[in-house]
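Chemist: Pasting in a structure now, in structure tokens, and then I'll have a few things to ask.
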Amino acid sequence: MARNQAVVVDQKIHDKLVIRDVAMPQPSPSDALVRVSAISLNRGETRRAIQEKDGWRPGWDLAGVVEQAAGDGSGPDAGRRVVGFMPSGAWAQYVAVPTHAVASLPDTVTFADAATLPVAGLTALYALTKRGQLLGRRVLVTGATGGVGDFAIQLAKEAGARVIASVRRTDQVLGVQQAGADQVIIGDDIAAFAPEAPFDLVVESLGGAALAAALESLAKDGVCVSLGISAADESTFDVRKFFTTGRATLYGFILFDELQTESAAVGLGRLVGLIDAGKLTPRISVEAPWTRIADVASQLLDRSYPGKAVLYVGEPNS
Numbered sequence: 006m007a008r009n010q011a012v013v014v015d016q017k018i019h020d021k022l023v024i025r026d027v028a029m030p031q032p033s034p035s036d037a038l039v040r041v042s043a044i045s046l047n048r049g050e051t052r053r054a055i056q057e058k059d060g061w062r063p064g065w066d067l068a069g070v071v072e073q074a075a076g077d078g079s080g081p082d083a084g085r086r087v088v089g090f091m092p093s094g095a096w097a098q099y100v101a102v103p104t105h106a107v108a109s110l111p112d113t114v115t116f117a118d119a120a121t122l123p124v125a126g127l128t129a130l131y132a133l134t135k136r137g138q139l140l141g142r143r144v145l146v147t148g149a150t151g152g153v154g155d156f157a158i159q160l161a162k163e164a165g166a167r168v169i170a171s172v173r174r175t176d177q178v179l180g181v182q183q184a185g186a187d188q189v190i191i192g193d194d195i196a197a198f199a200p201e202a203p204f205d206l207v208v209e210s211l212g213g214a215a216l217a218a219a220l221e222s223l224a225k226d227g228v229c230v231s232l233g234i235s236a237a238d239e240s241t242f243d244v245r246k247f248f249t250t251g252r253a254t255l256y257g258f259i260l261f262d263e264l265q266t267e268s269a270a271v272g273l274g275r276l277v278g279l280i281d282a283g284k285l286t287p288r289i290s291v292e293a294p295w296t297r298i299a300d301v302a303s304q305l306l307d308r309s310y311p312g313k314a315v316l317y318v319g320e321p322n323s
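Residue numbers 6 to 323, in the numbering used here, belong to the letters of the sequence shown in order.
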């Protein structure tokens, strides 16, 4: 029997996250057993992990190779390179992933690039659908230096939108311009947003002042997709300005709910195809062995790097 290790929570140690021996997964008939090569970190799972009870296993994003195909014949065959999404427990050497949450990878897409896609890529992809056709629309992306923000800029630009990115510091401007932003705003309040308003769609991940400013800056029939509260979980806004914009919408976004409408496999297949076609490029700022999980997780929560961090399970490979 192969050995299996995973990242688990241990509240008795300072960094909370440690790699421990765990049982090998027992796949259901509709699960593929995947040998994991790379994982990616997201703020939500990382923040939750440091608060969870001992033994909890975090992890949403993974890429690797199918060790054993699903018993019911669904999903990719053994030996296929794949990207996958799990509600928890993806940070391990072996995982059982439902085939509705797995997509095959062409040889042109690395494990590192693929591992960035499940949460950040799918969130950006589905958030951008909430205003319909984006050709010629004005799209504001707040928190634009993060993983979701970077993907949202690229995907909105690919769809033909005029993309405005909001960042907090001048040294972050070049990065979002390289992602495809047509205009960059420094700041996240109404004074900063006003010169570029109104916006047809806002992909909003900060909460607080940024959410209030977004709601007051929408065009007629505009949509603000609220998908994060990395700055503040409470917001006060001028309700009159919001409803006088004319049928504006505030949409509360939760990825797990979105995946009830379309499976992760479908969305991941689209994103992989865009990378394969050279139309989407993940921004990876940190690559390291997974033995550095605690250190890289701490850096993520401290906002020490833009874009995504990828950790290799074992030796780095393609």
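Backbone N, C-alpha and C fix where the C-beta goes; we use that ideal spot for every residue, glycine too.
In terms of residue numbering, what span does the beta strand (DSSP E) encompassing alanine 43 cover?
Modeler: Counting from 1 along the sequence shown, the entry for residue 43 is found at position 38. Unbroken beta strand (DSSP E) run through alanine 43: 36-45.
Chemist: Buried or exposed for threonine 128, please, with buried defined as at least 16 other CB atoms from any protein chain shown within 10 angstroms of its CB.
Modeler: By 1-based counting over the sequence shown, the position of residue 128 is 123. Label assigned to threonine 128: buried.
Chemist: How about serine 35 and proline 103: are their beta carbons less than 8 Å apart?
Modeler: Numbered from its first residue, the sequence shown carries residue 35 at position 30. Numbered from its first residue, the sequence shown carries residue 103 at position 98. Yes, they are a contact pair.
Chemist: Jot down the residue ranges of each uninterrupted beta strand (DSSP E) in the region 150-194, minimum 3 residues, whole runs only, in chain order.
Modeler: Fully enclosed beta strand (DSSP E) runs of 3 or longer: 167-172 and 188-191.
Chemist: With a 10 Å radius around its C-beta and 16 neighbouring C-beta atoms as the bar for buried, classify valine 318 as buried or exposed.
Modeler: On the sequence shown, position 313 is the one that residue 318 refers to. Classification for valine 318: buried.
Chemist: By the 10 Å Cβ neighbour count, where 16 or more other Cβ atoms means buried, how is valine 244 classified, buried or exposed?
Modeler: Taking the sequence shown and counting its residues from 1, the one referred to as residue 244 is at position 239. Exposed, since its Cβ has fewer than 16 Cβ neighbours within 10 Å.
Chemist: Suppose contacts are defined by Cβ-Cβ distances below 8 Å. Is isoleucine 326 in contact with serine 222 by that definition?
Modeler: Nothing can be reported for residue 326: it is not among the residues displayed for the chain, which extend from 6 to 323.
Chemist: Using CA atoms only, rank isn't needed, just tell me which of Glu57, Ala236, Leu276 and Asp155 is closest to valine 189.
Modeler: Against the sequence shown, residue 189 aligns to sequence position 184. Answer by Cα proximity: Asp155.
Chemist: Which residues share a DSSP beta bridge with proline 294?
Modeler: Here residue 294 refers to the residue found at position 289 of the sequence shown. DSSP output for proline 294 lists Tyr317 as bridge partner(s).
Chemist: Would you verify that the beta carbon of leucine 232 is, or is not, closer than 8 Å to some beta carbon of chain D?
Modeler: Among the chains in the structure shown there is no chain D, since it carries only a single protein chain.
Chemist: Find the nearest neighbour of leucine 160 within the set Ser171, Thr175 and Ala125, judged by alpha-carbon distance.
Modeler: Position 155 of the sequence shown, counting from 1, holds the residue named residue 160. Out of Ser171, Thr175 and Ala125, Ala125 has the C-alpha closest to the C-alpha of leucine 160.
Chemist: Output yes or no for whether 8 Å exceeds the beta carbon distance between alanine 302 and threonine 121.
Modeler: Within the sequence shown, residue 302 is the residue found at index 297, counting from 1. Within the sequence shown, residue 121 is the residue found at index 116, counting from 1. Their beta carbons are not under 8 Å apart, which means alanine 302 does not touch threonine 121 by this criterion.
Chemist: May I have the straight-line CA-CA distance separating tryptophan 295 from proline 203, to the nearest angstrom?
Modeler: Translated into the one-based positions of the sequence shown, residue 295 becomes position 290. Translated into the one-based positions of the sequence shown, residue 203 becomes position 198. About 44 Å.
Chemist: For asparagine 322, which residues in the same chain have their Cβ closer than 8 Å to its Cβ, ignoring the five residues on either side in sequence?
Modeler: Position 317 of the sequence shown, counted from the first residue, corresponds to residue 322. Confidence at asparagine 322 is low in this model, with a pLDDT of 43, below 50, so its placement is unreliable and the value that follows should be read with caution. Here the set comprises Ser42 and Phe116.
Chemist: Do the region 245-255 and the region 269-285 meet, that is, are 3 or more Cβ pairs less than 8 Å apart?
Modeler: At 8 Å Cβ cutoff, the stretches do not touch.
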